[in-house]
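Below: one structure, written as structure tokens.
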Amino acid sequence: MAKTKYKTIWGCTSCGATSPKWVGRCPECGEWNTMVEERTAATSSASRTPSPVAELAKSEPVAVSEIKVGEEQRIRMPSAELNRVLGGGLVPGSIVLVGGEPGIGKSTLVLQNILAIKSRTILYVSGEESASQIKMRADRIGRGSDNVFIVCETSLERIFEHIEAVQPGILIIDSIQTIATDALDSSAGSVSQVRECAAQLLKYAKLTATPVVLIGHINKEGTLAGPKVLEHIVDAVLQFEGDSRYMYRLLRGIKNRFGSTSEVGIYEMSQRGLREVTNPSALLVTDPEAEPLSGVAIGVTLEGARPLLVEAQALVSSAVYGTPQRSVTGFDRGRMNMLLAVLEKRVGFKLGAKDVFLNIAGGLRVNDPALDLSVIAAILSSNVDMPVPRGWSMTGEVGLSGEIRPVTRLAERIREAERLGLTDILVPGDASSLKAVDQASLSIRLHPVARVADAFRALFG
């Protein structure tokens, strides 16, 4: 029996370009440290198995004026939060990639949605779990279905055989990194395998108008594993994120050809699966009627296009050791250090010899600059040991000169604070921003502040 000869090539995870040897910088796209090793058989392309969907249809050039566009009929998913991020539901013939960290709930999110769909036949292809394991998860979620078919398979050719037999209305692949085609001799999960399998599934989705949902892994850098071309191939990329130690999960639209990428879906992980959070602000802040404590300030931030009320918690104490500690959870450490420098230089608070601990309650990570004002308020409140007045919230970006800069969607932020029953809100004192706010229709009191010192006087007198 003749031995198969193998050769080693290096493929770029960003653009898919190959090289016979390792190079630090991809010669095609110019990215650094993206070349990974692949081991392939030295066989000719003529002996490879033809594509399973190569002969499904042949395209012909058509003039733009002759193309008929019908009304877009989306497939509504049972989860309203998922529909929000998708832009109204699954588009027939689209291919959606759902990525996230291990154990974050990607498979649970997809499974509990398809189990609730009764109008379509669904094929769930699992390359990671057995059918009994998926059944155990379905029982834990508390849902059963007669129109969802489970198959455990990693061969792309065998998957297309099952597709031909079942004729599904929706196809789920969990996960794309475990699927391999016989046309290539590299291992599953390699750059070439992921690229080729995704391309074949994309062709199937477009030719049959069947929506395909791919579940993907992410690497240690937090980006989707596999070649960057995978994100270009698919129609939508949804990122499922959150800290596995906390119960909240965020579903973000990183790319969406059929909707906005500014929408965010919020879920809560429970024993019976993921539960939609329709009013996250009420869960992320303490009761406004509770006794106020020092070091706590409510800020209004944006997750996508959705305004949220979050609680910034700070603790300032004298440094026990020689070097003061700076501990941050849920907020950018460099930005907090900048805000501390502004407080010391522009307002006169000497915090260089004090420990500062900052936490965003609820396990969220917030990158919105509009949370600067609430972070500063929480730090000042803890430093002087005076609580922020009950019913107050704030939004505003802090500049290096101590000015309060305007923020986007100010009117929506104010409305969210008013809806939660807050009575007062600190806003940037920019006249142009306030012109867009209908103050006559608001029951919440606005307090425009131009500088950090003005905000301190408004809060603590």
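The opening residue of the sequence shown carries number 32 in our numbering; numbering runs sequentially from there. Where is the CB? At the ideal position from N, CA and C, for every residue including glycine.
Burial check for Lys137: the Cβ neighbour count within 10 Å reaches 16 or more, so the residue is buried. Ranked by Cα distance from Thr332, the options Val225, Val129 and Ile456 are led by Ile456.
By the beta-carbon neighbour count (other beta carbons within 10 angstroms, threshold 16), Thr309 is exposed. At least 8 Å separates the beta-carbon of Ser348 from that of Asp403.
Within the same chain, Cβ atoms closer than 6 Å to the Cβ of Arg174 are found at Leu146, the five residues on either side in sequence being excluded. If you keep only unbroken beta strand (DSSP E) runs of at least 3 residues inside the stretch 320 to 367, you get 327 to 334, 337 to 349 and 357 to 360. By alpha-carbon distance to Trp41, the top candidate from Gln104, Asp216, Phe180 and Glu69 is Glu69. Inter-residue distance for Leu238 and Arg440 is about 41 Å (C-alpha atoms, whole angstroms). When only Cα atoms are considered, Thr360 and Gly130 end up about 23 Å apart.
The alpha carbon of Leu374 has as its nearest neighbour, out of Ile285, Gly118, Asn414 and Val127, the alpha carbon of Asn414. For Val406, the enclosing alpha helix (DSSP H) stretches over residues Asp403 to Val415. The DSSP-derived three-state label of Cys43 is strand. Within the same chain, and ignoring the five residues on either side of Ser110 in sequence, the residues whose Cβ sits closer than 7 Å to its Cβ are Asn144 and Glu307.
With 16 or more other Cβ atoms from the protein chains shown falling within 10 Å of its own Cβ, Asn114 counts as buried. Look at Gly273 here: in three-state DSSP terms it is coil, with no helix or strand label. Assigned with DSSP and collapsed to three states, Ser424 falls in strand.
Counting other Cβ atoms within 10 Å of its Cβ, Ala162 stays below 16 and is therefore classed as exposed. Distance from the CA of Arg488 to the CA of Pro311, rounded to the nearest whole angstrom, comes to 30 Å. Note on Thr354: under 16 other CB atoms within 10 angstroms of its CB, so exposed under the neighbour-count rule. In this structure the stretch 388 to 399 touches the stretch 322 to 342; the number of beta carbon pairs closer than 8 Å is three or more.
The beta-carbon separation of Val182 and Gln208, rounded to 17 Å, does not stay under the 8 Å limit for a contact. The residues Thr152, Ile153, Leu154 and Thr241, in chain order, have a CB closer than 7 Å to that of Pro199 in the same chain once the five nearest residues on each side in sequence are set aside. Under the three-state reduction of DSSP, Gly433 is assigned to coil, being neither helix nor strand.
Per the C-alpha coordinates, the member of Ser221, Val429, Pro420 and Ala236 positioned closest to Val122 is Ala236. Looking at Val295, Gln302, Asp266 and Gly273, the one whose alpha-carbon comes closest to that of Lys286 is Asp266. Ranking Lys149, Val54, Pro459 and Ser125 by CA distance to the CA of Ile264 puts Ser125 first. The beta carbon of Ile172 sits closer than 8 Å to those of Thr139, Leu142, Gln143, Leu146, Arg303 and Gly304, all from its chain and outside the five residues before and after it, given in chain order. Cβ neighbours of Phe180 within its own chain (closer than 6 Å, five residues either side excluded): Leu154 and Val197. The C-beta of Gly460 has 16 or more other C-beta atoms within 10 Å across all chains shown, which makes the residue buried. In this structure, the beta-carbon distance from Val378 to Ala484 falls below 8 Å. Beta bridge pairing from DSSP links Met66 with Cys43.
In terms of CA proximity to Ala448, Ala328 leads the group Leu370, Gly61 and Ala328. Within its own chain, the residues whose Cβ lies closer than 6 Å to the Cβ of Met278, once the five positions on either side in sequence are excluded, are Glu299 and Met300, listed in chain order. Apart from sequence neighbours up to five positions away, the residues of its chain that approach Ser157 with a beta-carbon distance below 7 Å are Ile165, Ile181, Cys183 and Asp205, ordered along the chain. Apart from sequence neighbours up to five positions away, the residues of its chain that approach Gly118 with a beta-carbon distance below 7 Å are Asn287, Phe289, Gly290 and Ser291, ordered along the chain.
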